[in-house]
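Trainee:
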Amino acid sequence: MFVEPSPVPRFRNEPPAPPPTPPYLSVLVQPGDLFANASSQEGNAQNAQNEPMTPSLRPSVASMTRKPRLVFQSPLYRGQAIPFALHNTLPDDHLIIFKFLTSSSSNNSSHASAAHTHATATMHASSDAHHQERYYVRPSSGKIDAFQADILLILNQIPPLASGATLKDKILVRWAVVQRGTQVEQWVQQQLTEKTRRKWLEMLLETWPDQVMERKTRLSIRFT
-10 MFVEPSPVPR
0 FRNEPPAPPP
10 TPPYLSVLVQ
20 PGDLFANASS
30 QEGNAQNAQN
40 EPMTPSLRPS
50 VASMTRKPRL
60 VFQSPLYRGQ
70 AIPFALHNTL
80 PDDHLIIFKF
90 LTSSSSNNSS
100 HASAAHTHAT
110 ATMHASSDAH
120 HQERYYVRPS
130 SGKIDAFQAD
140 ILLILNQIPP
150 LASGATLKDK
160 ILVRWAVVQR
170 GTQVEQWVQQ
180 QLTEKTRRKW
190 LEMLLETWPD
200 QVMERKTRLS
210 IRFT
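If you read the sequence shown in the working numbering, its first letter stands for residue -10, the second for the next number, and so on.
#1: Taking the alpha-carbon positions, what's the Leu17 to Trp189 distance?
#2: Assign Asn36 to one of three DSSP states: helix, strand, or coil.
#3: Would you kindly work out how many angstroms separate the C-alpha atoms of Asn145 and Thr182, rounded to a whole number?
#4: How would you call Leu161, buried or exposed, if buried means at least 16 neighbouring beta carbons within 10 angstroms?
#5: Can you list, in chain order, the residues of its chain whose CB lies under 7 Å from that of Leu194, leaving out five sequence neighbours each side?
#6: Gln62 lies in the alpha helix (DSSP H); which residues open and close that run?
#7: Determine whether the beta carbon atoms of Ile210 and Asp158 lie at a separation below 7 Å.
#8: If we count the other Cβ atoms within 10 Å of its Cβ and call it buried at 16 or more, is Tyr66 buried or exposed?
#9: Report the rounded CA-to-CA distance for Asn96 versus Leu150, giving the unit in angstroms.
#10: Can you name the residues that DSSP bridges to Ile140?
This is how it looks when you write it as structure tokens:
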């Protein structure tokens, strides 16, 4: 006996997909026109070696993006600064431990000439010889206990920029989420002192490997 297939598609009894992981950390980036103003004010007033004060950013005046882009606008100068913020999206439920890593990747330009490429390579060789950082991040590590942490990215080495060229770079922020009301949070509040700030993230991951997971967010940098 022949039975015609039903025109109605049959669905398997499968459980629904799990909800997406909440974005515990987001980056608040000021619009481009505010970058120039903030950079000139901070760069001229403060030395790159010092711990500068950071202008506070709020979501109402900043753009929240999963692919943040920080732009250094010409004219470039040493000490030029870009303000942004790391935003704890669930401050009542979690706190965040973070640490920045600057990148020494080569700058690429879509309009750069061969001579400019050679100049960039020369700049990198000089940088390695003198062991100088391309950027300073203030603060470079810390804890987001409440709403957000205000950050400054400070230019220390000025890359050669050909007319009309755009150079690309990136930095990385490593971070971990700590749930409130747990033994991990209690340990964080008691053991993470100011003297060990630069090692907070490593200490957390080594002490609680089964409770805390490291996450990474890349921030794109442009020179225009």
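By construction, the Cβ of each residue, glycine as well, lies at the ideal position given by its N, Cα and C atoms.
Mentor: By the coordinates alone:
#1: 23 Å
#2: Residue confidence for Asn36 is low, a pLDDT of 44 falling below 50, so the modelled location carries little weight and cannot support an answer.
#3: 28 Å
#4: exposed
#5: Ala165, Val201, Glu203
#6: Where Gln62 is concerned, there is no enclosing alpha helix (DSSP H), given that its DSSP letter is neither H nor E.
#7: yes
#8: exposed
#9: Confidence in Asn96 is poor, its pLDDT being 43 and thus under 50, which makes the residue's placement unreliable; the coordinate value appears in the next sentence. Those two C-alpha atoms are separated by around 10 Å.
#10: Phe73
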